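Okay, so the sequence shown: first residue is 22 according to the numbering used here, each after it adds one. So the structure is just underneath, and the comments pick up after that.
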Amino acid sequence: MIVLVLSIHHAHCTTVETIVSSVVSYGARGDGQTDDTKALLDAWNAACSGGGASRRYGSSSYASMVLVPGGRTFVISPVQLKGPCKSLITLQVAGNLVASTRFLTSDETTRDWIVIRKVSGLTIQGGGVLDGRGKQWWPKSCKFDSTQPCHRAPTSLVLHDSERVLVDGLTLVNSQQIHFSIFHSSNVTATNLIVSAARKSPNTDGVHVQGSKFVNLGTITIDTGMPASFSFFLSFFPFLTLFALLDGDDCISIGANTSHVSMRDITCGAGHGISIGSLGNYKSAAFVSNISLDGALLANTTNGLRIKTWPASGGVGLATGISFRNVQMDNVKNPIIIDQFYCDMESSPQGCDHGSGVEVRDVVYENISGSSATPVGVKLNCNHPCTEIVMSNIRLIQTRDGSPCTAQCSHVYGRAYNATPPPCLLV
């Protein structure tokens, strides 16, 4: 069934008709048991191919909407929603989407769950939940069971080769691995998101951006490591943080060949913090530039603000034009860290003590304050060296007793102003 929704924009005297394709009209049951993948795909194909903003008659224009209605739970197997579409298109997720259990136990386990590819002019919105049912997947990870093979697990929501995209008001929980990835896309805004995964959830990054440009991430709450009740417990026994913060993954990670990413109003619960990298593994060329964070709270995370590059293994590149401003730390193990020796022996059989081929340059840390779970609040371990590093208004104390943190630097050049711990930068 197709529903027309009429919207009149007085400022420009235009009329927009939205053609609504409900998944229920295409056979979806929404009973939490029946696989509704075909209905979702059919509704998408109908909306993507019919009507559209390219059809304009006088003062009227057309857009399309795929509706996942509220109050129901739809079981979905791996699916690709492909463009290009003939109209501006909205995916309205008011109900809940859950991953098929068959998907988790079949040969499809290396496939991503919901992939949107080659779409221009897309809005994904609604108060619904995307539940990857990762709890059935995590025990099979080689991180927890060494008898299992190590391979990539599915990502819950992937945006690929798309442009002019708005993602607004979604909740993503318990992904098999990464919750939301933005690949090879441009002009993407993601806002008002909630991302959550329980403890013992390996590699469950919140948002990962790679090979993309002009991405805005704002008002996002991410917790990929432990329940709030355990975080409260740690506030009384902070020394246990050293043993507890081992799960989840980066709240936000910025991968190779990404530029012009703006992050603001980020709340990062347990997990690995906000990371740029890792860069330069597998002999790759990795370039990252114009990355900014303005306004964040990081609580009970393994890392705070991290830049990580792999030891020299043929990889080259540059990370530059990076700024972290107005960040509050709460019991963070490594509040500020640059690690140019990031690796594991499995991926780097030649060892992890070789320097990185990726240069780090022009990084600003400004108005960073709060508490560290360890005595060392600033760790800048470079080899290239790292240059043009600026630290301004840094105030980091130890969670344990409130004493000032210390700093460790290696091959780092830059300037510091009003910084505690005292700067260890070379001029």
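Glycine included, every Cβ here is placed at the ideal spot set by N, Cα and C. From a predicted model like this one, the values you see are computed outputs, not experimental measurements.
Measure the beta-carbon distance from V328 to G298 and round it to whole angstroms, keeping in mind my assumption that it falls under 8 Å.
Per the sequence shown, residue 328 should be read as Ile rather than Val. Correct: roughly 6 Å between the Cβ atoms.
Mind checking G435: buried by the 16 CB within 10 Å criterion, or exposed?
It counts as buried.
Nearest to H281 by alpha carbon, out of V119, N414, V228 and I312?
When each option's Cα is compared against that of H281, the closest is I312.
Whole angstroms are fine: how far does the CA of L417 sit from the CA of G398?
The alpha-carbon atoms of G398 and L417 are separated by roughly 6 Å.
The beta strand (DSSP E) with L446 in it runs from where to where?
No beta strand (DSSP E) contains L446, which DSSP labels as neither H nor E.
Quick one: give me the first and last residue of the beta strand (DSSP E) that C430 is part of.
Unbroken beta strand (DSSP E) run through C430: T427 to T441.
Could you tell me the distance, in whole angstroms, from the CA atom of Q146 to the CA atom of G325?
Straight-line Cα distance between these residues: approximately 29 Å.
Hey, W134 and G149: beta-carbon distance below 8 Å or not?
Cβ distance not < 8 Å, so W134 and G149 don't count as in contact.
Using a Cβ-Cβ cutoff of less than 8 Å, which residues in the same chain neighbour D454 once the five nearest sequence positions on both sides are dropped?
Beyond the ends of the chain as shown, which are 22 and 448, falls residue 454; an answer cannot be given.
For D383, which option in C364, D351 and L339 has the closest C-alpha, if you only look at C-alpha atoms?
Per the Cα distances, L339.
Suppose the cutoff is 6 Å on Cβ atoms and the five residues either side in sequence are ignored; what does the same chain contact list for G91 look like?
So the list reads A115 and G116, once near-sequence residues are dropped.
Could you have a look at K107 and say whether DSSP puts it in helix, strand or coil?
Coil.
Please check the pair H205 and S177, which I expect to be a contact at CB under 8 Å, by giving their CB distance rounded to whole angstroms.
Their Cβ separation, rounded to whole angstroms, is 18 Å, which puts H205 and S177 out of contact at 8 Å.
Is the closest heavy atom of the ligand MG to the C-beta of A307 under 7 Å?
Absence of the ligand MG from the depicted structure is noted, as is the absence of any ligand whatsoever, leaving it without description.
Sort out for me which residues DSSP pairs L314 with in a bridge.
For L314, which the question treats as bridged, DSSP gives the partners M284 and F345.
So, at 6 Å on beta carbons, what are the nonlocal neighbours of Y438 in its own chain, with the 5 sequence-adjacent residues on each side left out?
Within the same chain, Y438 has close Cβ partners S413.
Over the uninterrupted alpha helix (DSSP H) stretch that includes K156, give me the two end residues.
Premise fails: K156 is in no alpha helix (DSSP H) and is neither H nor E.
For I243, which residues does DSSP report across the bridge?
Beta-bridge pairing links I243 to V216 and C289.
Does the Cβ of D5 have 16 or more other Cβ atoms within 10 Å, making it buried, or fewer, making it exposed?
The structure shown does not extend to residue 5, since the chain spans only 22 to 448, so no value can be given for it.
State buried or exposed for R173, treating a residue as buried only when at least 16 other CB atoms are found within 10 Å of its CB.
By the 10 Å Cβ count, R173 comes out exposed.
Please report how far the alpha carbon of S344 lies from the alpha carbon of N388, in whole angstroms.
Whole-angstrom Cα-Cα distance: 11 Å.
What does the alpha-carbon distance come out to for the pair T322 and M284?
Using only the alpha carbons, I get a separation of about 18 Å.
According to DSSP, is V353 helix, strand or coil?
Note: V353 maps to strand in three-state DSSP.
Alpha carbon to alpha carbon, how far is C430 from G276?
Each residue's alpha carbon lies about 24 Å from the other.
How big is the Cα-Cα spacing for V348 and G290?
So the two alpha carbons sit approximately 13 Å from each other.
I97: which of T279, V44 and G239 sits nearest, CA to CA?
Of the candidates T279, V44 and G239, the one whose C-alpha sits nearest the C-alpha of I97 is V44.
Provide the residue(s) that pair with V397 in DSSP beta bridges, ordered along the chain.
Paired residues: T427.
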